[in-house]
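Numbered by this note's numbering, the letters in the first sequence go through residues 34 to 980 in order.
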Amino acid sequence: MKYDHRRIEKKWQREWDAQGLYRTREDASKKKCFVLDMFPYPSGDGLHVGHPKGYIATDIYSRMKRMQGYTVLHPMGWDAFGLPAENFAIKNKVHPRKAVEQNIARFKEQLSKIGFNYDWGREVNTTDPEYYRWTQWIFIKLFEKGLAYQSYEPINWCPSCQTGLANEDLDGGVCERCGSIVEKRPMRQWVLRITEYADRLLADLQDLPQWPEHIKESQRNWIGRSEGALIKFPLFGISGQTDGKHAVEVFTTRPDTMFGATFIAISPELAQKWISIGWKAPSGVATLATQMIEERKKAGVKGITEKKGSDTGLFAENPINHEKIPVWLANYVLGDIGTGAIMAVPAHDERDFEFAKKYNLPMRRVVEPKFTATSGDSMVKEGEDFVKRDAICAVVRNPKDDTYLCVSWKQASMKGLVTGGVEPEEDIVQAARREILEETGYKNLRLVRNTGFALHSLFYHRLKKQNRWARFQYLFFELEDESRNSIDEHEEALHDIVWQPASKLKDFFSVIEGTFSVHLIENPDYIFTGDGVLHASNEFDDMDSVVARRKMTDAVGGTWTTTYRLKDWVFSRQRYWGEPIPIIHCEQCGPVAVPEKDLPVLLPDVEKYEPTGTGESPLAGITDWVNTTCPVCSGPGKRETNTMPQWAGSCWYYLRYMDPQNSESLVASEREKYWAPVDVYVGGAEHATRHLIYARFWHKFLLDHGFVSTAEPFSRLISVGLIMAEDGRKMSKRYGNVINPDDVVETWGADTLRLYEMFMGPFTDAIAWSTDNMIGVRRFLERVWRLQDSVSDATTPNATAELHRTIKKVGEDIEHFKFNTAISQMMIFLNCVEKESLSREDYLTFIRLLAPFAPHVSEEIWSMHGGQGSIHINPWPIADEGKIVMGDVVVVVQINGKIRAQIPVDLGMTDTEIIKKARLAVEKWLEGKEVMREVIVPKKLINFVIR
RNA sequence: GCCGGGGUGGCGGAAUGGUAGACGCUCAGCGCUUAAAACGCUGUGAGUAAGUAAUUGCUCGUGUGGGUUCGAGUCCCACCCCCGGCACCA
Numbered sequence: 034m035k036y037d038h039r040r041i042e043k044k045w046q047r048e049w050d051a052q053g054l055y056r057t058r059e060d061a062s063k064k065k066c067f068v069l070d071m072f073p074y075p076s077g078d079g080l081h082v083g084h085p086k087g088y089i090a091t092d093i094y095s096r097m098k099r100m101q102g103y104t105v106l107h108p109m110g111w112d113a114f115g116l117p118a119e120n121f122a123i124k125n126k127v128h129p130r131k132a133v134e135q136n137i138a139r140f141k142e143q144l145s146k147i148g149f150n151y152d153w154g155r156e157v158n159t160t161d162p163e164y165y166r167w168t169q170w171i172f173i174k175l176f177e178k179g180l181a182y183q184s185y186e187p188i189n190w191c192p193s194c195q196t197g198l199a200n201e202d203l204d205g206g207v208c209e210r211c212g213s214i215v216e217k218r219p220m221r222q223w224v225l226r227i228t229e230y231a232d233r234l235l236a237d238l239q240d241l242p243q244w245p246e247h248i249k250e251s252q253r254n255w256i257g258r259s260e261g262a263l264i265k266f267p268l269f270g271i272s273g274q275t276d277g278k279h280a281v282e283v284f285t286t287r288p289d290t291m292f293g294a295t296f297i298a299i300s301p302e303l304a305q306k307w308i309s310i311g312w313k314a315p316s317g318v319a320t321l322a323t324q325m326i327e328e329r330k331k332a333g334v335k336g337i338t339e340k341k342g343s344d345t346g347l348f349a350e351n352p353i354n355h356e357k358i359p360v361w362l363a364n365y366v367l368g369d370i371g372t373g374a375i376m377a378v379p380a381h382d383e384r385d386f387e388f389a390k391k392y393n394l395p396m397r398r399v400v401e402p403k404f405t406a407t408s409g410d411s412m413v414k415e416g417e418d419f420v421k422r423d424a425i426c427a428v429v430r431n432p433k434d435d436t437y438l439c440v441s442w443k444q445a446s447m448k449g450l451v452t453g454g455v456e457p458e459e460d461i462v463q464a465a466r467r468e469i470l471e472e473t474g475y476k477n478l479r480l481v482r483n484t485g486f487a488l489h490s491l492f493y494h495r496l497k498k499q500n501r502w503a504r505f506q507y508l509f510f511e512l513e514d515e516s517r518n519s520i521d522e523h524e525e526a527l528h529d530i531v532w533q534p535a536s537k538l539k540d541f542f543s544v545i546e547g548t549f550s551v552h553l554i555e556n557p558d559y560i561f562t563g564d565g566v567l568h569a570s571n572e573f574d575d576m577d578s579v580v581a582r583r584k585m586t587d588a589v590g591g592t593w594t595t596t597y598r599l600k601d602w603v604f605s606r607q608r609y610w611g612e613p614i615p616i617i618h619c620e621q622c623g624p625v626a627v628p629e630k631d632l633p634v635l636l637p638d639v640e641k642y643e644p645t646g647t648g649e650s651p652l653a654g655i656t657d658w659v660n661t662t663c664p665v666c667s668g669p670g671k672r673e674t675n676t677m678p679q680w681a682g683s684c685w686y687y688l689r690y691m692d693p694q695n696s697e698s699l700v701a702s703e704r705e706k707y708w709a710p711v712d713v714y715v716g717g718a719e720h721a722t723r724h725l726i727y728a729r730f731w732h733k734f735l736l737d738h739g740f741v742s743t744a745e746p747f748s749r750l751i752s753v754g755l756i757m758a759e760d761g762r763k764m765s766k767r768y769g770n771v772i773n774p775d776d777v778v779e780t781w782g783a784d785t786l787r788l789y790e791m792f793m794g795p796f797t798d799a800i801a802w803s804t805d806n807m808i809g810v811r812r813f814l815e816r817v818w819r820l821q822d823s824v825s826d827a828t829t830p831n832a833t834a835e836l837h838r839t840i841k842k843v844g845e846d847i848e849h850f851k852f853n854t855a856i857s858q859m860m861i862f863l864n865c866v867e868k869e870s871l872s873r874e875d876y877l878t879f880i881r882l883l884a885p886f887a888p889h890v891s892e893e894i895w896s897m898h899g900g901q902g903s904i905h906i907n908p909w910p911i912a913d914e915g916k917i918v919m920g921d922v923v924v925v926v927q928i929n930g931k932i933r934a935q936i937p938v939d940l941g942m943t944d945t946e947i948i949k950k951a952r953l954a955v956e957k958w959l960e961g962k963e964v965m966r967e968v969i970v971p972k973k974l975i976n977f978v979i980r
């Protein structure tokens, strides 16, 4: 019989639906497995899924878990509040709810067509009033605990649509509907105090070993923790005062560079603030500040690259050395970062350097790199004091052919520049000239540059038998001519002289200082921004910069603090289609939470839900709905008209699946304790820094107030790799390169589509679609289908071994989401049994392994060959490890790691016998040689080490 | 710039420190066929030597250069390139 995927797939989809096969049957005595997909959400035309790769994977996983006897929860839900749904509704002139209903129906149909086993009885929809009752309830808890507050925040505003835009990524961009340039406009907002949880959101990432590193890294970056010091610099010159009564506070992560601070730079925002509280700023400064703010509003922070500034006429006193340094207004200092003011250290910060260079402000180097020899002959001797020496490093250029003078040391195989110690009676220039002369003989040199750059090298001096601490100062010379003296024999024996072009230096240098030499040669403006050892910093000299940070902060009475990049979460939207924020504004009582009994606050039916021209939510115009009474004082009150963002519903949906019908609480405690946490969560990487942080934040809040029992909501996270188009680009209607899964199902079948999407490559990688490659998995299914005609009474030993190997590998690979290698192993099995013979029973065992991947054709074969009940609720096969290894194996014989022979070995043979056999096989290589060693890897390999 | 993940045939990709290239695609040859498709079989990293030939053997080969090891795609060091996150974040 022919393999007719259309007939088989239709038949079983109908049948499974009728049986209600995938209803979760809760059984507290069994182990549980909670498998979760990301919410699909309605976009322009239907629910946006792209390719159902992630859904196929969770389906395969949960099918296997169910066969393995777990109570499996694998539900499906809809995140249907949000901008895409609303835009779709406006465009098509239908009510958002209608649009959402249609889209969900369409999506369900698509999923069924492809054989998904979601438990539709556990469906959750964020727009369902019973669902958002609890979303509002959580908001009220946040409000009551002081974690929700109101504030005026700038939002993205489209001047031509006259509307606020919910998309937070639009800074400096264009409106997604009309293409106008987006502006910032302050608007009253509800804000959630997520920063309160910043430290825990960061620290607890350590307890998520089953999350991919790149997602955790994204979250760490997003939270952006940095430690530093708040330091006050007394101000002089305000309104003619000279007494330092006022002060400017700066935040710095590098207080160790304080001796290098040569000016203070303040943001235009801070300048304006000072002016507003009475600073009589020079008129140019005030105008410039306003200009800078305007410019930034237009171009965005990223759009401004040129640094600008102006001297304010004020001075600040550096508290570490009491030096008076000028205060500058600078456009590269941002008002909302740190304190809006910085101490500028041009020698150790690239931005400060750039600014200082432009305005001719001084720079002072105070941190120098330090290298300690920790291995080799010159390893530093523990516990011994260091003898300090001044030293030089000479960079000598020959202008004739643009090469540099290098020294290659014969004994230590060191390659570097001319270096040497400074003798007591000479200065560094004299020392450098002397060393060049002694080591290389060149005598006519011109000093080009005394860089002021130095590095410290700590090592053990073998000849002098002491620990040395040398400070190498870099000097640049040019050859005036190539005349040279002869060098004495002693020096000659030590090293060779090599002239290298600048481009070769990087590869040539073997000494660690080489990196810095190259930096200095390539970039005359090179500045050192790393950690090192302090210099020109009085009592802190020679201290490690990391240690000095705290010490210097203490010395000036600064505060050591932690700051985060993460900002509080602007939680309100001026939109119709979202959960209303359950707050009533009362003139007497202020903002008051809607009492629990009055939840949910439903959206009123309206004629128009387009955004208003004022930026307020469309709800604001519905006076019937807005006007209400205050639940506290019964006086007149007005409802909050902002709605929640799309993220709100998806912050806790996984909890609702555990107990979807509960009307008493968001989830019953005993159910939460059984099901939580989510065992496997599969989703796209685009949620790394938003949804996944917001959900973790809410979860931790719920934990703190006893509503959930785990510290983290998702114990294992897997990110799906995108399916790219055949041309390697993203699939997009714009490029016309979209492969529609529906079409693939029609021509190739759902089973083939499922198998192919899993076989393409590693699950987490982005891989291009290839219709050519799909023929491979289709052929595989056809061969599996045809195999049913040739099953026999008995399975050959080889086939038995392969079967058990396959059972083991497929099970392990599904567990690790390595579907591509699982399928590959099933293909190996098929290749094997087509040549051997297979019993009906073993054939059906194999079909059970295939069932999660190709549920329809497996079910058909199963039923045709007398399988009892649905294959998908039959037990998962168990591998017999004893049967995996066959009677004999092939052992590889190597000589010095090179393969020279392969010998068949019986399992019963002893090592001595095997070695004897192996020696025989490689006789001709062993002849006349002495075998030094025999390395034996049981059942795999023998390596003879010969001389 | 900082951080994270990578780099393997014509292609997608396999490989607990132990036979690199599994499996699939492609391509070539053969079989079946009146023919084609489909299907089946065989071969398919590069170079090289011997042989009429089937074949047999050797060398090289996992981004580059070093190192550790009996043995390195895998571990260590330096560098190059690609992808992702953050970024005038002080």
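In this text, a Cβ means the ideal position worked out from N, Cα and C, and glycines have one as well.
Unbroken alpha helix (DSSP H) run spanning residue 244, endpoints: Unbroken run through residue 244: none, as it is neither H nor E.
Nearest neighbour of residue 249, chosen from 718, 895 and 742 [CA to CA]: 718
9 Å Cβ cutoff met for residue 488 and residue 565: yes
Neighbour-count burial assignment, residue 791, 16 or more Cβ in a 10 Å radius: buried
The segment 568-585 touching the segment 389-404, judged by at least three CB pairs closer than 8 Å: yes
Inter-residue spacing [alpha-carbon to alpha-carbon] between residue 481 and residue 466: 13 Å
Whole-angstrom distance between residue 453 and residue 534, CA atom to CA atom: 23 Å
Nearest to residue 109 (by Cα), restricted to the options 187, 414, 357 and 691: 691
Residue 318, DSSP secondary structure in three states: helix
Beta-ladder partner(s) of residue 865, from DSSP: Bridge partners of residue 865: none, in fact.
CA-to-CA distance, residue 148 to residue 981, given in whole angstroms: Nothing about residue 981 can be read from this structure; the chain reaches only from 34 to 980.
Nearest-angstrom Cα separation, counted from residue 122 out to residue 137: 14 Å
In chain order, each alpha helix (DSSP H) run of at least 4 residues that lies wholly inside the segment 792-868: 804-820, 830-848 and 852-868
Local Cβ density within 10 Å of residue 260, reported as buried at 16 or more and exposed below that: exposed
Distance, residue 793 Cα to residue 49 Cα: 28 Å
Same chain, Cβ closer than 8 Å to residue 229, neighbours up to 5 away in sequence not counted: 180
The beta strand (DSSP E) enclosing residue 108, as first and last residue numbers: 108-111
Residue nearest to residue 915 in terms of C-alpha spacing, selected from 879, 676, 34 and 940: 940
Host alpha helix (DSSP H) of residue 559 (start-end): Careful: residue 559 lies outside any alpha helix (DSSP H) and carries neither H nor E.
Sequence ranges, alpha helix (DSSP H) only - wholly within the segment 430-506, length at least 4: 461-473
Rounded straight-line distance, which links the Cα of residue 879 to that of residue 840: 8 Å
According to DSSP, residues forming a beta bridge with residue 343: 362
Close Cβ partners of residue 321 (< 7 Å) along its chain, the five nearest in sequence each way excluded: 343 and 362
Exposed unless 16 or more other CB atoms sit within 10 angstroms - verdict on residue 40: exposed
Best match in 802, 473, 263 and 923 for proximity to residue 526 [C-alpha to C-alpha]: 473
Pairwise C-alpha distance: residue 304 and residue 798: 49 Å
Where residue 767 falls, given that 16 or more other Cβ within 10 Å makes a residue buried: exposed
Helix, strand or coil at residue 421 [DSSP, three-state]: strand
Residue 118: CB within 8 Å of a non-hydrogen atom of the ligand PLP: With respect to small molecules bound, the structure shown includes none, and the ligand PLP cannot be examined in it.
CB contact flag (residue 569, residue 293, <9 Å): yes
Residues that DSSP places opposite residue 528 in a beta bridge: 442
Span of the alpha helix (DSSP H), counted from its first residue to its last, around residue 934: That residue, residue 934, is in no alpha helix (DSSP H); its beta strand (DSSP E) goes 931-939.
Residue 403 in three-state terms, based on DSSP: strand
Pair within 9 Å by beta-carbon distance, residue 670 and residue 676: no
Cα-Cα separation, residue 608 to residue 58: 40 Å
Beta-bridge partners of residue 428, as assigned by DSSP: 509
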